[in-house]
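Down below is the structure, laid out as structure tokens.
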Amino acid sequence: MQMNRPNQQYRHKLRWATRIGVLALASSLSACTVLPERAPPHPITTYRLTLPTTTQPTGGAANCASVRINAMTTAAGFSGTAMRYSEAAGTIADFAFNRWAAPPARMLDPLLVQSMSNSGLFRSVLGPGSPATATLQLDTELISLVQRVTGSHSTAHLVMRVSVNNLTTEHQIAARQFVIDQTASAATPEAGVTATDAAVARWNTELIDWLRQLGRSGLCPS
């Protein structure tokens, strides 16, 4: 009888271990059934930049033969589709669920060509990549495009650098940096897009006025 005691003890321990394992498995399966379902991914909203149709300016045109609108370049941090905002000086971040439909510079290229064509300042306006020759070239650089947020208020901050170059002499005729701050109706991405469109329109108007002034002082090559 003493020879059977170890086997009985072993079987007793084995039964308890089996019961504990079954209970642990049941508890685990029960926990799985009460875990919350994973939420679906948040949709991304995309936006395009727009520009109102430019009317022909009054007060005379530069009457330049042709101008080439070079492809817009960008400062570091503004070549992608991220919509950027700032809540304090020296800081910058991206909206998580809002994007530009394309890099802003690429959306502005055709808008600028159309605007210059409608301005009446040039007899011919050539877009980026056109094989035709021109007498002038307009170079633009997007320095900053940020929605500045302060509490419940925000402002679209746009900085553009523009230069006009004589392609015959390869000399720069003039250059200017434009800084536009356009108040938004709220501190939301949607309001920021509307304010950005307004800022772009203001920049376009100031650019045409500046080019018209240059035309009166000898912008066009003789």
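In terms of mature numbering (1 follows the signal peptide of the UniProt record, and there is no 0), the sequence shown is residues -31 to -1, 1 to 191.
Idealized CB from N, CA, C, for every residue including glycine.
Keep in mind that this is a model prediction, so the values were computed, not measured.
Let me know if Met(-31) comes out buried or exposed under the rule of 16 or more other beta-carbons within 10 Å of its beta-carbon.
In the sequence shown, counting from the first residue as 1, residue -31 sits at position 1. Residue placement at Met(-31) is poorly supported in this model, since its pLDDT is 42, which falls under 50; the coordinates are not used for a value here.
Can you check which of these residues, Arg145, Trp172 and Thr163, is closest to Pro52 by C-alpha distance?
For the purposes of this step, residue 52 is identified with residue 83 of the sequence shown, where counting begins at 1. Here the sequence assigns Met to residue 52, which means Pro is not the residue at that position. The shortest Cα separation from Met52 among Arg145, Trp172 and Thr163 belongs to Thr163.
What is the DSSP secondary structure of Ile61, reduced to helix, strand or coil?
The sequence position of residue 61 within the sequence shown is 92, counting from 1. Coil at Ile61, not helix or strand.
Tell me the DSSP bridge mates of His140?
As a position in the sequence shown, residue 140 is number 171, starting the count at 1. Per DSSP, Asn135.
As assigned by DSSP and simplified to three states, the class of Ile13
For the purposes of this step, residue 13 is taken as residue 44 along the sequence shown, with counting starting at 1. Three-state DSSP puts Ile13 in coil, outside helix and strand.
Hey, would you say the C-beta of Ala40 is under 7 Å away from at least one heavy atom of the ligand COA?
This structure lacks the ligand COA; in fact it carries no ligand of any kind.
Where do the ends of the beta strand (DSSP E) carrying Met52 lie?
For the purposes of this step, residue 52 is identified with residue 83 of the sequence shown, where counting begins at 1. It spans Ala51 to Ser55 - the beta strand (DSSP E) in which Met52 sits, taken as one unbroken run.
For a quick check, are the C-beta atoms of Val118 and Glu56 less than 8 Å apart?
The sequence position of residue 118 within the sequence shown is 149, counting from 1. The sequence position of residue 56 within the sequence shown is 87, counting from 1. Yes. Within cutoff.
What does the alpha-carbon distance come out to for the pair Thr27 and Ala167?
Numbered from 1 along the sequence shown, position 58 holds the residue referred to as residue 27. Numbered from 1 along the sequence shown, position 198 holds the residue referred to as residue 167. Only weak support is given to the placement of Thr27: the predicted model assigns it a pLDDT of 48, under 50, and the question is left unresolved by the model.
Measuring straight from C-alpha to C-alpha, what distance separates Leu80 and Thr19?
Translated into the one-based positions of the sequence shown, residue 80 becomes position 111. Translated into the one-based positions of the sequence shown, residue 19 becomes position 50. Cα to Cα, the separation comes out at about 8 Å.
Could you name the residues of the same chain whose beta carbon sits closer than 8 Å to that of Thr124, not counting the 5 residues immediately before and after it, in chain order?
Numbered from its first residue, the sequence shown carries residue 124 at position 155. Answer for Thr124: Gln116, Arg117, Asp150, Gln151, Thr152, Ala153 and Ala164, listed in chain order.
Among the candidates Leu183, Gln146 and Thr15, whose CA atom is the shortest distance from the CA of Met76?
In the sequence shown, the residue the question calls residue 76 occupies position 107. Ranked by Cα distance from Met76, the options Leu183, Gln146 and Thr15 are led by Thr15.
CA nearest to the CA of Phe91, picked from Ser99, Gly98 and Gln106
Numbered from its first residue, the sequence shown carries residue 91 at position 122. The residue with the shortest Cα to Cα distance from Phe91 is Gln106.
When the Cα atoms are used, what is the spatial distance from Ala(-1) to Thr50?
If you number the sequence shown from 1, residue -1 lands on position 31. If you number the sequence shown from 1, residue 50 lands on position 81. With a pLDDT of 49 at Ala(-1), under the threshold of 50, the predicted position of this residue should be treated as unreliable, though the coordinate-derived value follows. Rounded to whole angstroms, Ala(-1) to Thr50 spans 42 Å at the Cα level.
I need the DSSP call for Glu6, collapsed to helix, strand or coil.
Residue 6 sits at position 37 when you count from the first residue of the sequence shown. Three-state result, Glu6: coil.
Could you tell me how far apart the beta carbons of residue 217 and Phe64 are, in whole angstroms, since I believe they sit closer than 8 Å?
A query on residue 217 cannot be resolved here, the shown segment of the chain reaching from -31 to 191 and no further.
So, is Thr22 buried or exposed, given that buried needs 16 or more other C-beta atoms within 10 angstroms?
Counted from its first residue, the sequence shown places residue 22 at position 53. Classification of Thr22: exposed, given that the 10 Å Cβ count is below 16.
His140 versus Gly187 - alpha carbon distance:
Locating residue 140 in the sequence shown gives position 171, where the first residue counts as 1. Locating residue 187 in the sequence shown gives position 218, where the first residue counts as 1. In a straight line, the C-alpha of His140 is about 14 Å away from that of Gly187.
Name the DSSP beta bridge partners of Leu111, please?
To locate residue 111, count along the sequence shown from 1; it is residue 142. BP columns for Leu111 point to Thr43 and Met129.
Once you ignore the five residues that flank Ala144 on each side, which residues in its own chain have a CB closer than 6 Å to its CB?
Residue 144 sits at position 175 when you count from the first residue of the sequence shown. Excluding sequence neighbours, Ala144 sits near Ser132.
Tell me whether Pro10 is buried or exposed, calling it buried when 16 or more other Cβ atoms sit within 10 Å of its Cβ.
Residue numbering aside, residue 10 sits at position 41 when the sequence shown is read from its first letter. By the 10 Å Cβ count, Pro10 comes out exposed.
From what residue to what residue does the alpha helix (DSSP H) around Ser84 run?
For the purposes of this step, residue 84 is taken as residue 115 along the sequence shown, with counting starting at 1. From DSSP, the alpha helix (DSSP H) with Ser84 extends over Pro73 to Ser88.
Proximity winner among Val94, Asn87, Ser48 and Val128, relative to Pro72 (alpha-carbon distances)
Start at 1 with the first residue of the sequence shown, and residue 72 comes out as number 103. Considering only alpha carbons, the answer is Ser48.
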